[in-house]
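Below: one structure, written as structure tokens.
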Amino acid sequence: MKPNVFKRHLKDSWKSLRRNGWMSVAAVSAVTVTLLLVGIFMALLMNVSRISTQVENDVRVRVYVDRGTKKAEETKLEKQIKALPNVKTVKYRSAKTELDTIVGSYGSQWKMFSGDKNPLNNVFLVDTKDPKATIKVAKQAQKLKHVSEASYGGSTAKKLFKTVDTIQRWGIGFTILLLFVAVFLISNTIRITILSRADEIGVMRLVGATNSYIRWPFLLEGAWTGLLGSLIPMLVVDIGYGLVYANAGLTTAANGYSLFPTMPFLFWLDVALAAIGIIIGALGSVVSMRRFLKI
Amino acid sequence: MIQMKNVMMKYDNGVVAMKDLNLEVDPGEFVYVIGPSGAGKSTFIKMLYHELTPSEGDIVINNYDFKTMKPSEVPYMRRLIGIVFQDFKLLPRLTVYENVAYAMQVIETPDKDIRPRVLEVLKLVGLEQKLRRFPSELSGGEQQRVSIARAIVNKPKVVIADEPTGNLDPETAEGIMSILERVHDNGTTIIMATHNQQMVDEHTHRVLEIAGGRLVRDEKEGSYDSEA
Ligand SMILES: Nc1ncnc2c1ncn2[C@@H]1O[C@H](COP(=O)(O)OP(=O)(O)OP(=O)(O)O)[C@@H](O)[C@H]1O
Ligand SMILES: [Mg+2]
Numbered sequence: 001m002k003p004n005v006f007k008r009h010l011k012d013s014w015k016s017l018r019r020n021g022w023m024s025v026a027a028v029s030a031v032t033v034t035l036l037l038v039g040i041f042m043a044l045l046m047n048v049s050r051i052s053t054q055v056e057n058d059v060r061v062r063v064y065v066d067r068g069t070k071k072a073e074e075t076k077l078e079k080q081i082k083a084l085p086n087v088k089t090v091k092y093r094s095a096k097t098e099l100d101t102i103v104g105s106y107g108s109q110w111k112m113f114s115g116d117k118n119p120l121n122n123v124f125l126v127d128t129k130d131p132k133a134t135i136k137v138a139k140q141a142q143k144l145k146h147v148s149e150a151s152y153g154g155s156t157a158k159k160l161f162k163t164v165d166t167i168q169r170w171g172i173g174f175t176i177l178l179l180f181v182a183v184f185l186i187s188n189t190i191r192i193t194i195l196s197r198a199d200e201i202g203v204m205r206l207v208g209a210t211n212s213y214i215r216w217p218f219l220l221e222g223a224w225t226g227l228l229g230s231l232i233p234m235l236v237v238d239i240g241y242g243l244v245y246a247n248a249g250l251t252t253a254a255n256g257y258s259l260f261p262t263m264p265f266l267f268w269l270d271v272a273l274a275a276i277g278i279i280i281g282a283l284g285s286v287v288s289m290r291r292f293l294k295i
Numbered sequence: 001m002i003q004m005k006n007v008m009m010k011y012d013n014g015v016v017a018m019k020d021l022n023l024e025v026d027p028g029e030f031v032y033v034i035g036p037s038g039a040g041k042s043t044f045i046k047m048l049y050h051e052l053t054p055s056e057g058d059i060v061i062n063n064y065d066f067k068t069m070k071p072s073e074v075p076y077m078r079r080l081i082g083i084v085f086q087d088f089k090l091l092p093r094l095t096v097y098e099n100v101a102y103a104m105q106v107i108e109t110p111d112k113d114i115r116p117r118v119l120e121v122l123k124l125v126g127l128e129q130k131l132r133r134f135p136s137e138l139s140g141g142e143q144q145r146v147s148i149a150r151a152i153v154n155k156p157k158v159v160i161a162d163e164p165t166g167n168l169d170p171e172t173a174e175g176i177m178s179i180l181e182r183v184h185d186n187g188t189t190i191i192m193a194t195h196n197q198q199m200v201d202e203h204t205h206r207v208l209e210i211a212g213g214r215l216v217r218d219e220k221e222g223s224y225d226s227e228a
């Protein structure tokens, strides 16, 4: 399409958006509410899933070796663990190293357990390929010979996965519902435009306008609606997330976890909101065009 | 230019408005389509610009074979045709100038070519003084002249008119007719459905008479009533 033709379509669609007055306002508001929730959900879900990944990555299986197990048997055990499905890496830490760590972080009074008095076991630290496999790997390792115990950072992680899952499922379901409402409202305003321009469309067809030429202004009107509807959500999400990050960011960082830094996270979030707005707007017009634009 | 082969048109309600129609129109001809009300004149015209698709048979205009052309080709086929209606079908929100320019815009004519051409055709139909008027500020004859200007602005090969003088008094009708004659003189094929006996008799051209959905007379240099 030539640029001047596109400019004409842009102007046309904008005019028509304004002519539809309150219908347009309603459609834009619907998009606004929808995208507001979509924006909040997206920011929330992405951060929750980021943190849960960080937590997941902490989750590793600790396989305690029976005390008094011979070196050769330990080597064999290591091979067996490595052979388990989903195992990514296996790291060996002797009881002495374990004790040194404790002494390092909790103080020298633990030193009295050094040498033969060391009550700790040698340990294999097992990272899994898929964090969700930790439980299974732990259970399988438990059954191996010379293993006194296999534990994992279990129950908290499990709960977290579950919560994330629930939030995700409900959030996505609710968002899809809202998207439908927005598409419906947009398609309604576009329908008004199409009907009010029936004469014009008739003339266009008679003088040989192509179907795509006829469709463009409606598609653009929908896109405008979506884009306008994304403005307030962008603003709210930008400011809101900025505040949350400033306040909660440090706290979470202290715990070893971190939220997405505001940049470029907010930039991409805004782009996504605008894109979703435009897409649902265009979708709304397509729905209407299919039903009311007989070409 | 235009061929119709065994064309039959049956409406959804079962009315057969056209049957056994075989016809050829050469480039540059002027053809009247006459017949009593309900004979099928409008049906004939609508089939020509592909508003109606024949139930049987085939229509070919230039290189466009209606049976085999794709839907996406219809707009390009229509650019060969200029259409004029009894009720003008002008856009009330647009001025005279805009109504005509609109027809060029929607087929994506470059902006710079639009103005000179619009002025040219508005001069041809004698409306160069009324560019900024809205259709509601014009007489019926003037509105019809705008619609003719719109029909010819894209230089169609054929102008199809369904009772273009139907609502006009004889004098005004004569004015419209002389414009169509001028368009014809420039080499455009004209196909015009009409009830206007005087017109057909005074401006002699080929006459197609339709009655009850059949072509009953096809006469070069014909008159409104059959000679027989
Ligand atoms: N959309 C339609 N559905 C069903 N029948 C139709 C339709 N349009 C026209 N007809 C019928 O087809 C026949 C031809 O109608 P058409 O409009 O072609 O006549 P006409 O010659 O143009 O008449 P007039 O001089 O009054 O304009 C008539 O019997 C009419 O009732
Ligand atoms: Mg008719």
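In the order they appear, the protein sequences are chains A and B.
All residue numbers for the first sequence refer to my numbering, where the first residue is 1 and numbers rise by one.
All residue numbers for the second sequence refer to my numbering, where the first residue is 1 and numbers rise by one.
Beta carbons are placed, not taken as given, at the ideal position from N, Cα and C, and that holds for glycine.
Everything numeric in this text was worked out from a predicted model, so none of it was measured.
Is it buried or exposed, Lys176(A), if we count other Cβ atoms within 10 angstroms and call 16 or more buried?
Here residue 176(A) is taken as the residue at index 176 of the first sequence, counted from 1. The sequence shown places Ile at residue 176(A), rather than the Lys named in the question. With fewer than 16 Cβ atoms within 10 Å of its Cβ, Ile176(A) is classed as exposed.
Got a sec: does ligand 2 put a non-hydrogen atom nearer than 7 Å to the Cβ of Ser42(B)?
Position 42 of the second sequence holds residue 42(B). Within the cutoff, so yes.
Just checking Asn13(B) against ligand 1 - is the residue's beta carbon closer than 7 Å to any of the ligand's heavy atoms?
Along the second sequence, read from residue 1 onward, the residue named residue 13(B) stands at position 13. Result yes, Cβ under 7 Å from ligand 1.
Where are the alpha helix (DSSP H) runs, 4 residues long or more, that stay fully inside the stretch 112-190 of chain A, in chain order?
134-142
With 8 Å as the C-beta to C-beta threshold (strictly closer), list the residues of the stretch 99-116 of chain B near chain A in chain order.
Tyr102, Ala103, Gln105, Val106, Ile107, Glu108, Pro110 and Asp111
Less than 7 Å between C-beta atoms, sequence neighbours within five positions excluded: which residues of the same chain meet that for Lys5(B)?
The residue labelled residue 5(B) in the question sits at position 5 within the second sequence. Only Asn22, Gly57 and Asp58 meet the Cβ criterion.
Going along chain A, which residues have a C-beta under 7 Å from Arg79(B)?
For this step, residue 79(B) is matched to residue 79 along the second sequence. Correct list: Gly208.
What in chain B is Cβ-close to Met204(A), meaning under 7 Å?
Stepping through the first sequence from its first residue, residue 204(A) is reached at position 204. Ordered by position in chain B, the residues that pass the 7 Å Cβ test against Met204(A) are Val106.
Output, in chain order, the set of chain A residues within a Cβ distance shorter than 7 Å of Asn63(B).
Locating residue 63(B) in the second sequence gives position 63, where the first residue counts as 1. For the C-beta of Asn63(B), not a single chain A residue is nearer than 7 Å; the gap to the nearest is close to 15 Å.
At a cut-off of 7 Å, is Ala161(B) close to ligand 1 when judged by its beta-carbon and the heavy atoms of the ligand?
Translated into the one-based positions of the second sequence, residue 161(B) becomes position 161. No, the beta carbon of Ala161(B) sits no closer than 7 Å to any heavy atom of ligand 1.
Strictly below 9 Å CB to CB, what residues from chain A border Tyr76(B)?
Here residue 76(B) refers to the residue found at position 76 of the second sequence. What Tyr76(B) touches in chain A: Gly208 and Thr210.
In the stretch 21-62 of chain A, which residue ranges form an unbroken alpha helix (DSSP H) of at least 4 residues, counting only runs that do not cross its ends?
21-58
Relative to chain A, which residues along the stretch 80-99 of chain B have a C-beta separation below 7 Å, given in chain order?
Result list: Ile83, Lys89 and Leu91.
Does the beta carbon of Asn196(B) sit closer than 8 Å to a beta carbon anywhere in chain A?
As a position in the second sequence, residue 196(B) is number 196, starting the count at 1. No, no contact with chain A.
Which residues in the same chain have their Cβ closer than 7 Å to the Cβ of Tyr49(B), if we skip the five residues on either side of it in sequence?
Indexing the second sequence from 1 puts residue 49(B) at position 49. Closer than 7 Å at the Cβ level, and outside the excluded window around Tyr49(B), lie Arg78, Ile81, Ile83 and Ile160.
Taking Leu273(A) as the reference, give the member of Met42(A), Arg19(A) and Lys7(A) with the closest Cα.
In the first sequence, counting from the first residue as 1, residue 273(A) sits at position 273. Here the closest residue by C-alpha is Met42(A).
Could you tell me which whole alpha helix (DSSP H) segments of length 4 or greater appear in the stretch 124-167 of chain B?
140-152
Hey, Val183(A) and Val61(A) are a contact pair by Cβ (cut 8 Å); roughly how many whole angstroms apart?
Counting from 1 along the first sequence, the entry for residue 183(A) is found at position 183. Counting from 1 along the first sequence, the entry for residue 61(A) is found at position 61. Not a contact, Cβ separation roughly 47 Å.
Is the stretch 236-249 of chain A close to the stretch 182-198 of chain A, with three or more CB pairs under 8 Å?
no
Following the continuous beta strand (DSSP E) through Ala17(B), name the residue where it begins and the one where it ends.
The sequence position of residue 17(B) within the second sequence is 17, counting from 1. Taken as a continuous stretch (DSSP letters only), the beta strand (DSSP E) holding Ala17(B) covers Val16 to Val25.
Give every residue of the same chain whose Cβ lies closer than 6 Å to the Cβ of Ser187(A), excluding the five residues on either side of it in the sequence, and list them in chain order.
Here residue 187(A) refers to the residue found at position 187 of the first sequence. If we look at Ser187(A) and ignore the five residues flanking it on each side, its Cβ neighbours are Gly284, Val287 and Ser288.
So who's on the other strand from Gln3(B), going by DSSP bridges?
If you number the second sequence from 1, residue 3(B) lands on position 3. In DSSP, Gln3(B) forms a bridge with Glu24(B) and Val60(B).
Going by other Cβ atoms of all chains shown within 10 Å of its Cβ, with 16 needed for buried, is Asp54(B) buried or exposed?
What you label residue 54(B) is simply residue 54 of the second sequence in a count that begins at 1. Correcting the residue identity first, residue 54(B) is Pro in this sequence and not Asp. Per the 10 Å Cβ criterion, buried.
Tell me, which residues are paired with Arg214(B) by DSSP?
Stepping through the second sequence from its first residue, residue 214(B) is reached at position 214. In the DSSP output, where bridge partners are listed per residue, Arg214(B) has Ala211(B).
Which residues of chain B have a Cβ atom closer than 7 Å to the Cβ of Val5(A), listed in chain order?
What you label residue 5(A) is simply residue 5 of the first sequence in a count that begins at 1. Going along chain B in sequence order, the residues near Val5(A) (Cβ under 7 Å) are Glu108.
Starting from Phe66(B), trace the alpha helix (DSSP H) in both directions and tell me its first and last residue.
Taking the first residue of the second sequence as 1, we reach residue 66(B) at position 66. From DSSP, Phe66(B) is part of no alpha helix (DSSP H); its letter is neither H nor E.
Spell out whether any CB of chain B is found under 8 Å from the CB atom of Arg8(A).
Counting from one through the first sequence, the residue named residue 8(A) turns up at place 8. Yes, contact with chain B.
Do Ile107(B) and Val125(B) have their beta-carbon atoms positioned less than 8 Å apart in this structure?
Working through the second sequence from its first residue, we reach residue 125(B) at position 125. Working through the second sequence from its first residue, we reach residue 107(B) at position 107. Cβ distance not < 8 Å, so Val125(B) and Ile107(B) don't count as in contact.
Taking only heavy atoms of ligand 1 into account, decide whether any of them is closer than 7 Å to the Cβ of Gly35(B).
Within the second sequence, the letter at position 35 stands for residue 35(B). Checking every heavy atom of ligand 1 against the Cβ of Gly35(B), one is found closer than 7 Å.
Beta-carbon separation of Ala211(B) and Asp162(B) under 8 Å?
In the second sequence, residue 211(B) corresponds to position 211, counting from 1. In the second sequence, residue 162(B) corresponds to position 162, counting from 1. It is not a contact, given that the beta carbons lie outside the stated cut-off.
Quick one: grab the DSSP three-state call for Ile107(B).
The residue given as residue 107(B) occupies position 107 in the second sequence. Looking at Ile107(B) - three-state DSSP - the assignment turns out to be coil, as it is neither helix nor strand.
How far does the alpha helix (DSSP H) with Lys7(A) in it reach, from first residue to last?
Walking along the first sequence from the start, residue 7(A) turns up at place 7. Run containing Lys7(A): Pro3 to Arg19, per the alpha helix (DSSP H) assignment.
Taking the alpha-carbon positions, what's the Tyr224(B) to Thr68(B) distance?
Walking along the second sequence from the start, residue 224(B) turns up at place 224. Walking along the second sequence from the start, residue 68(B) turns up at place 68. The straight-line gap from Cα to Cα measures roughly 36 Å.
Near Leu99(A), which residues of its chain fall below 8 Å by C-beta distance, leaving aside the five closest residues on each side in sequence?
Working through the first sequence from its first residue, we reach residue 99(A) at position 99. Same-chain partners within the cutoff: Trp110, Phe113, Ser114, Asn118 and Leu120.
Cβ closer than 7 Å: which chain B residues qualify as neighbours of Lys2(A)?
Residue 2(A) sits at position 2 when you count from the first residue of the first sequence. Within chain B, the residues near Lys2(A) are Glu108.
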